[in-house]
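Below is one structure, written out as structure tokens; comments come after it.
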Amino acid sequence: MESFAELIKKRRSIRKFTNQLLSPEQVESLLKAALMAPSSKRSNAWQFVLVENKEMLQKLASCKKNGSSFLETAALAIVVLANPMESDVWVEDASVASIYIQLQAEDLGLGSCWCQIRNRETAGETDSAQYVRDLLDIPYQMEVLSIIGVGYKDQDRKPFDETHLQWEKIHIDKFVFPSESESSES
1 MESFAELIKK
11 RRSIRKFTNQ
21 LLSPEQVESL
31 LKAALMAPSS
41 KRSNAWQFVL
51 VENKEMLQKL
61 ASCKKNGSSF
71 LETAALAIVV
81 LANPMESDVW
91 VEDASVASIY
101 IQLQAEDLGL
111 GSCWCQIRNR
121 ETAGETDSAQ
131 YVRDLLDIPY
141 QMEVLSIIGV
151 GYKDQDRKPF
161 DETHLQWEKI
171 HIDKFVFPSE
181 SESSES
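Start counting the sequence shown at 1; every next residue gets the next number (full-length UniProt numbering).
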């Protein structure tokens, strides 16, 4: 395993995958990572639906107007859900679990991409979460946050270039608008 700093530089959104399937051990590693994600008061309000069926992946690829077509070629889609009745911070908890899946995928040498579902619509203007809920028989009380597509990379992406870090977005002791900091330097 490489350092965490190297891992976060290397992890990039991958939207093109090969046809190679994941091993059961790889899938288990991804799920362990999700289940180890921290949650508020250890409520663990999240749940996960795994989709490997190619026909179902093709249908999931239509869950949004834009930005979901990559799911069709993914070896696996992990639908990240949470129950708002179990946690008032379900969005945050499910988001942390989603990124844990992505980091574990990168650590395994796999590619992944986050498909945002919450507050999105299909091309037919159906609520994306409802579309996924209907497709996968997800109970009404569960909210769908995201779908993480995972597979073997079929595209190369350069690691994050640290020269693009936006240090101007870091504030010390108080928030300062860029125009304020420029005038205080004069």
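Glycine included, every Cβ here is placed at the ideal spot set by N, Cα and C. As the structure is a computational prediction, the values presented were derived from the model and not from experiment.
| field | Beta-carbon spacing of CYS113, SER146 below 8 Å | value | no
| Inter-residue spacing [alpha-carbon to alpha-carbon] between PHE4 and ASP107 | 9 Å
| According to the neighbour-count rule (16 or more other Cβ atoms, all chains shown, within 10 Å of its Cβ), is GLU52 buried or exposed? | exposed
| Using 8 Å as the threshold, is the segment 16-27 in touch with the segment 146-155, meaning 3 or more CB pairs across them? | yes
| message | Measuring only the C-alpha atoms, how far is VAL176 from LEU76? | response | 44 Å
| request: Let me know the beta strand (DSSP E) ranges lying completely inside the segment 56-103, each 3 residues or longer, listed in chain order. | output: 76-82
| query | How would you label ILE8, buried or exposed, when you count the other beta carbons within 10 angstroms and need 16 or more for buried? | reply | exposed
| said: I'd like to know whether the C-beta atoms of ALA82 and LEU71 end up nearer to each other than 8 Å. | reply: no
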